[in-house]
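Colleague:
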Amino acid sequence: MLVSRSNASWKSEDRTSGQFPTGLRVLLVDDDNTCLKIVSSILKKCGYEVTQKSDAESALDLLRKNKNGYDIVISDVHMPDMDGFKLLEHIGLEMDLPVIMMSADDSKDVVLKGVTHGACDYLIKPISIEALKNIWQHVVRKKKQELKEKDFECSGISEDGEQQQISPENFDYSSSVNEVNYKNLKKRKDEEDDEEERDDTSALKKPRVVWSNDLHQQFVNAVHQLGIEKAVPKKILELMNVPGLTREKVASHLQKFRLYLRKASQHQSGRNNAFMGAPEASFGPMSLMNGRNRQPLTATGQIPSRSLATFQAAALSRPTATYVPIVDQRNIFRFETPKLTSEDDQQQLKNNVKQMNLFHGISSSMKPKQFATLHPFAQSSGDMNMEADYSAQMDQPQQMTQIFNDINGGNVSSFESSVGQPNFIKVIPSGVHGPTYNSLYQPSTPPGNSFPLLSNSGMSTLTSKGMLQEEVNSEMQQSRGFVSNYDVLGGLGKNTVQMVNSSLADNFLRIEGERQPDTGVQNNPFPRQLSEEDLFTAFFKQNSQNQSKMTLTLTDTSRTIFLSNKACMLQLSAFENMYIVAVTAEIDLSGS
Amino acid sequence: MSNSSSRERNLHRQLANMKHSLFDQGYLDEQFIQLEELQDEENPNFVEEVVSLYYWDSVRLIQNIEQALEQNPIDFAKLDNHMHQFKGSSCSIGAKKLKKECTQFEKYCKTGNGEGCKRTFQQVKKEYATLKKKLERYFQFARQVGCVEKACRPK
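Going line by line, the protein sequences match chains S and C. Just so we're aligned, residue 1 is where the first sequence starts under UniProt numbering, counting upward by one. Just so we're aligned, residue 1 is where the second sequence starts under UniProt numbering, counting upward by one.
(1) Does the beta carbon of residue 37(C) sit closer than 8 Å to a beta carbon anywhere in chain S?
(2) For the alpha helix (DSSP H) containing residue 66(C), list its first residue and its last residue.
(3) How big is the Cα-Cα spacing for residue 39(S) and residue 33(C)?
(4) Let me see if you follow: with CB-CB separation under 8 Å, is residue 62(C) close to chain S or not?
(5) Determine, using beta carbons only, whether residue 88(C) comes closer than 8 Å to chain S.
(6) Closest to residue 250(S) by C-alpha separation, out of 232(S), 54(S), 261(S), would be which residue?
(7) Leaving out the 5 sequence neighbours to the left and right, which residues in its chain are closer than 6 Å to residue 151(C) when beta-carbon positions are compared?
(8) Give the DSSP bridge partners of residue 51(S), in chain order.
(9) Find out if the Cβ-Cβ distance for the pair residue 69(C), residue 98(C) is shorter than 8 Å.
(10) Rounded to the nearest angstrom, what separates residue 266(S) and residue 29(S) at their Cα positions?
(11) Please say whether residue 78(S) and residue 84(C) have beta carbons closer to each other than 8 Å?
(12) What are the start and end residues of the alpha helix (DSSP H) that includes residue 240(S)?
(13) Is it the case that the Cβ atoms of residue 122(S) and residue 101(S) are separated by a distance below 8 Å?
(14) On a Cα-Cα basis, can you pick out the residue from 128(C), 36(C), 141(C), 149(C) that is closest to residue 61(C)?
(15) Cβ of residue 78(S) less than 8 Å from any chain C Cβ?
(16) Check residue 292(S) in the structure and name its three-state DSSP category.
(17) Could you check where the alpha helix (DSSP H) with residue 111(S) kicks off and where it finishes?
(18) For residue 73(S), list the residues DSSP reports as bridge partners.
(19) Say whether the segment 124-133 of chain S touches the segment 143-154 of chain S, bearing in mind that this needs 3 or more beta-carbon pairs closer than 8 Å, one atom from each stretch.
(20) If you follow the alpha helix (DSSP H) that residue 42(S) is in, where does it begin and where does it stop?
(21) Taking the straight line between their C-alpha atoms, what separation do you get for residue 537(S) and residue 217(S)?
(22) Any idea what DSSP makes of residue 123(S), helix, strand or coil?
(23) If you run the structure through DSSP and keep just helix, strand and coil, what is residue 151(C)?
(24) Near residue 170(C), what residues of its chain come up, given a Cβ to Cβ distance below 6 Å and the 5 sequence neighbours on each side ignored?
(25) Under three-state DSSP, which class holds residue 104(S)?
(26) Using the Cα positions of residue 44(S) and residue 45(C), report the straight-line distance between them to the nearest angstrom.
(27) Check the Cβ of residue 224(C) against every Cβ in chain S and list those closer than 9 Å, keeping chain order.
(28) Quickly, what does DSSP pair residue 95(C) with across the bridge? List them, please.
(29) Where does residue 103(C) fall in DSSP's three states?
(30) State the start and end residues of the unbroken alpha helix (DSSP H) segment that holds residue 213(S).
(31) Would you report the Cα separation of residue 499(S) and residue 212(S), rounded to the nearest angstrom?
(32) By Cβ distance, which residues of its chain are closer than 7 Å to residue 98(S), with the 5 residues on each side in sequence left out?
(33) Could you give the DSSP three-state label for residue 245(S): helix, strand or coil?
(34) Please list the residues of the segment 99-111 of chain S that have a C-beta atom closer than 8 Å to any C-beta atom in chain C, keeping them in chain order.
(35) Which chain C residues sit within Cβ distance under 8 Å of residue 129(S)?
(36) Let me know the secondary structure DSSP gives residue 111(C) once reduced to three states.
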């Protein structure tokens with residue numbers, strides 16, 4: 001009899017029988033009792049541990065309750081309560097176990113459907129012993145892939161001087177992979193520790209797919225098109241149709257995406273979403289402080305941008321905050337860093353910060369690396385420990401997602417608004433290394449979904465509800481790491497735009513203060529010029545490294561977002577290596 | 001002794017012949033052999049158990065099909081679904097002729113040929129009943145042989 005292994009990982013070395021690995025824990029799902037009995041018997045003969053379920057719901061239930069209890073799932077295609085493909089998707093999304101489909105139907109389109117939904121194999125009934133003998137290869141293959149993906153993700157772990165820890169629960173590994181991956185991750189992080197202080201602009205340790213804006217946008221579109229529930233790597237890969245992109249890369253990316261969604265969903269008030277189980281995960285965009293807090297921001301802006309890194313990390317690593325609808329005048333972005341030049345300002349800042357944000361209270365406990373692990377690109381060479389509070393506009397289905405930029409310490413980006421108006425966005429670059437991806441993603445189906453692009457540990461988001469930060473002080477202009485909020489409102493009149501800019505390789509952007517418009521506080525709501533599209537994409541164009549401007553192009557489907565009554569097109573260019581930059585948008589509402 | 005052993009041998013041969021004829025006449029296919037391979041000391045009556053389970057379960061499936069055929073108009077999608085289930089089940093015990101009739105039924109179903117479906121279903125039921133009888137006889141005989149084997153086994 002096989003020893004039941006609940007938590008132990010199934011290792012191929014555990015083979016006791018001569019031929020195939022024994023002890024593989026199989027969950028068998030089929031509404032046909034005859035078939036269930038037969039396949040069960042075959043599996044037992046192969047030395048596997050079998051659990052039978054006659055319907056998909058109870059199987060899914062079982063898997064949810066016992067996430068690490070099974071190595072592989074074999075499921076029938078046609079079942080009365082739930083389509084086998086749907087089950088396949090659920091399992092892929094929630095548990096990421098290998099799934100084998102089986103059916104008496106051998107028509108090509110059904111088989112193809114199985115493949116595109118991510119089944120690792122499709123067996124035609126009647127099932128033979130030969131067919132089931134080698135299913136263990138799927139388990140091993142999957143584990144290897146996951147290991148590879150974890151390595152991949154870790155390669156760009158950013159260090160910011162803080163002890164980075166990856167908490168295993170952040171990653172829903174299948175049980176068997178857990179230990180191995182965790183160890184791998186730890187090892188990788190230790191290696192990365194050495195590079196912490198290195199002012200490394202590229203910081204990529206391995207050649208890898210750079211999730212550029214465009215690429216990520218494609219990914220996001222694909223996921224959006226499929227629906228978050230249905231988005232499996234294979235399908236996404238097909239939809240994206242990018243040569244050279246592998247399923248593993250997509251899977252890794254998707255995993256991060258899911259994790260983000262999960263975290264975001266955890267922040268929703270009243271929602272208790274399981275891991276990606278809630279397709280309606282919405283997360284509000286991160287918002288930066290609104291204009292009112294500009295002042296303190298100004299001061300804090302002088303804080304090395306690296307503080308922003310922490311806040312991005314914090315954002316990702318602290319699922320404790322709750323999203324709160326953005327309220328006017330709410331100071332969302334909070335910088336907490338010992339590097340604040342002005343304690344008063346900081347205090348003021350803090351006072352202004354209303355709660356509801358994710359990263360409330362994050363300080364030293366922030367683990368930028370934690371975040372960084374979610375993104376291979378996330379690298380923050382700076383020691384940012386800024387906190388950002390994010391508020392989500394949960395009530396608004398059309399929320400923009402945030403783009404997180406890594407903020408590197410000490411780098412300031414200058415930004416020029418392309419419009420010759422006194423509106424401009426200040427960008428705080430972070431000397432972050434790594435690819436950025438900036439895209440605003442907002443699926444239309446699940447309300448309020450947004451996927452913040454997390455590139456590095458720092459992030460800045462701009463949110464304002466109908467208000468622009470008019471209060472730009474000249475000091476601010478000259479300060480560095482400040483964040484401003486502005487809401488690009490659409491739909492309900494509010495959109496949140498989070499922009500994260502990647503800084504230049506030379507990491508230096510000057511903040512333009514000259515364009516300071518008048519600083520009267522005007523809380524004019526954003527004009528409803530914004531289209532009410534769900535999808536909001538910010539394009540970051542990559543500039544040459546010498547360029548000292550950051551251009552962020554915020555586009556909705558109509559390609560232009562007007563941030564104020566005056567057309568203000570903000571263009572920020574992203575750079576090859578992602579840097580997190582805090583962007584402050586100041587829009588002059590004074591009517592100039 | 002030689003009598004019993006030769007009796008044994010005869011019974012075995014008879015049983016084998018029965019099986020061969022079931023295969024030769026196309027009632028069973030390789031899947032049945034798969035089932036026999038799963039039969040071992042731990043599961044000495046595995047094949048019979050599976051077949052019994054099949055016949056017990058499939059009653060419901062046949063009823064579903066009959067009901068669906070009686071609808072007016074016929075919901076062919078649903079009908080196809082029911083038949084798919086029945087066919088899948090039948091395949092797993094290696095019921096070859098039955099499978100063929102089911103496939104024919106499915107063809108008519110896909111073209112929305114209600115009459116064709118009804119006619120074919122009569123065939124399906126006939127094959128279903130015939131196979132059941134033959135298998136019952138086979139298992140009965142197999143048990144007999146088994147008993148004889150046990151009886152003849154040196155104590």
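Think of the CB as a built atom: it goes at the ideal place given N, C-alpha and C, for glycine as much as any other residue.
Modeller: The relevant details are as follows:
(1) Start at 1 with the first residue of the second sequence, and residue 37(C) comes out as number 37. Yes - at least one Cβ of chain S is within 8 Å of the one on residue 37(C).
(2) Position 66 of the second sequence, counted from the start, is the residue given in the question as residue 66(C). Note, residue 66(C): alpha helix (DSSP H), 46-70.
(3) Looking up residue 39(S) in the first sequence gives position 39. Looking up residue 33(C) in the second sequence gives position 33. Near 14 Å, if we compare the C-alpha coordinates of residue 33(C) and residue 39(S).
(4) Here the question's residue 62(C) lines up with position 62 in the second sequence. Using a CB distance cut-off of 8 Å, residue 62(C) does not count as an interface residue toward chain S.
(5) As a first step, residue 88(C) must be located in the second sequence, where it is residue number 88. Taking Cβ atoms only, chain S reaches closer than 8 Å to residue 88(C), which makes this a yes.
(6) Counting from one through the first sequence, the residue named residue 250(S) turns up at place 250. Considering only alpha carbons, the answer is 232(S).
(7) Stepping through the second sequence from its first residue, residue 151(C) is reached at position 151. Cβ within range, chain order: n/a, list empty.
(8) For the purposes of this step, residue 51(S) is taken as residue 51 along the first sequence, with counting starting at 1. Answer by DSSP bridge pairing, in chain order: 27(S).
(9) Residue mapping note: residue 69(C) aligns to position 69 of the second sequence, counting from 1. Residue mapping note: residue 98(C) aligns to position 98 of the second sequence, counting from 1. Not in contact: residue 69(C) and residue 98(C) (Cβ atoms no closer than 8 Å).
(10) As a first step, residue 266(S) must be located in the first sequence, where it is residue number 266. As a first step, residue 29(S) must be located in the first sequence, where it is residue number 29. The C-alpha of residue 29(S) is placed about 31 Å away from the C-alpha of residue 266(S).
(11) By one-based count along the second sequence, residue 84(C) stands at place 84. By one-based count along the first sequence, residue 78(S) stands at place 78. Result yes, Cβ atoms of residue 84(C) and residue 78(S) sit closer than 8 Å.
(12) As a position in the first sequence, residue 240(S) is number 240, starting the count at 1. In the DSSP assignment, residue 240(S) falls within the alpha helix (DSSP H) that extends over 233-240.
(13) Residue 122(S) sits at position 122 when you count from the first residue of the first sequence. Residue 101(S) sits at position 101 when you count from the first residue of the first sequence. In this structure, residue 101(S) lies closer than 8 Å to residue 122(S) by Cβ.
(14) As a first step, residue 61(C) is located in the second sequence; it is residue number 61 there, counting from the start. The shortest C-alpha to C-alpha distance from residue 61(C) to any of 128(C), 36(C), 141(C), 149(C) is the one to 128(C).
(15) Stepping through the first sequence from its first residue, residue 78(S) is reached at position 78. Residue contact with chain C for residue 78(S): present (Cβ-Cβ distance below 8 Å to some residue of chain C).
(16) Taking the first residue of the first sequence as 1, we reach residue 292(S) at position 292. At residue 292(S), the pLDDT of 43 sits below 50, so the modelled position is not reliable and the matter cannot be decided from this model.
(17) The residue given as residue 111(S) occupies position 111 in the first sequence. Here the alpha helix (DSSP H) through residue 111(S) covers 108-116.
(18) Residue numbering aside, residue 73(S) sits at position 73 when the first sequence is read from its first letter. Residue 73(S) pairs with 27(S), 99(S).
(19) Contact between the segment 124-133 of chain S and the segment 143-154 of chain S is absent, because fewer than three Cβ pairs lie under 8 Å.
(20) To locate residue 42(S), count along the first sequence from 1; it is residue 42. Note, residue 42(S): alpha helix (DSSP H), 33-45.
(21) Taking the first residue of the first sequence as position 1, residue 537(S) is located at position 537. Taking the first residue of the first sequence as position 1, residue 217(S) is located at position 217. The predicted position of residue 537(S) is uncertain, since its pLDDT is 42 and thus under 50; a value taken from the coordinates is nonetheless stated next. Each residue's Cα considered, the two are about 8 Å apart.
(22) Numbered from 1 along the first sequence, position 123 holds the residue referred to as residue 123(S). Here residue 123(S) sits in strand by DSSP.
(23) Within the second sequence, numbered from 1, the residue matching residue 151(C) stands at position 151. Correct three-state label for residue 151(C): helix.
(24) There is simply no residue 170(C) to check, as chain C begins at 1 and stops at 155 in what is shown.
(25) To locate residue 104(S), count along the first sequence from 1; it is residue 104. Here DSSP, grouped into helix, strand and coil, assigns residue 104(S) to coil.
(26) Mapped onto the first sequence, residue 44(S) falls at position 44. Mapped onto the second sequence, residue 45(C) falls at position 45. Taking the straight line from one Cα to the other gives about 16 Å.
(27) No answer is possible for residue 224(C): the residues shown for chain C start at 1 and end at 155.
(28) Here the question's residue 95(C) lines up with position 95 in the second sequence. Per DSSP, 28(C).
(29) Along the second sequence, read from residue 1 onward, the residue named residue 103(C) stands at position 103. Of the three classes helix, strand and coil, the one that applies to residue 103(C) here is helix, per DSSP.
(30) Translated into positions along the first sequence, residue 213(S) becomes position 213. 213-226 is the extent of the alpha helix (DSSP H) around residue 213(S).
(31) Taking the first sequence and counting its residues from 1, one reaches residue 499(S) at position 499. Taking the first sequence and counting its residues from 1, one reaches residue 212(S) at position 212. Only weak support exists for where residue 499(S) lies, its pLDDT of 39 falling under 50; the value from the coordinates is given anyway. About 15 Å.
(32) Stepping through the first sequence from its first residue, residue 98(S) is reached at position 98. Once the five neighbours on either side are set aside, the close Cβ partners of residue 98(S) are 72, 120, 138, 139, 142.
(33) For the purposes of this step, residue 245(S) is taken as the residue at position 245 of the first sequence. DSSP places residue 245(S) in coil when its eight states are reduced to three.
(34) Per Cβ criterion, the list reads 103, 104, 105.
(35) The residue you call residue 129(S) lines up with position 129 of the first sequence. 34, 37, 38, listed in chain order.
(36) Within the second sequence, the letter at position 111 stands for residue 111(C). When DSSP states are grouped into helix, strand and coil, residue 111(C) belongs to the coil group.
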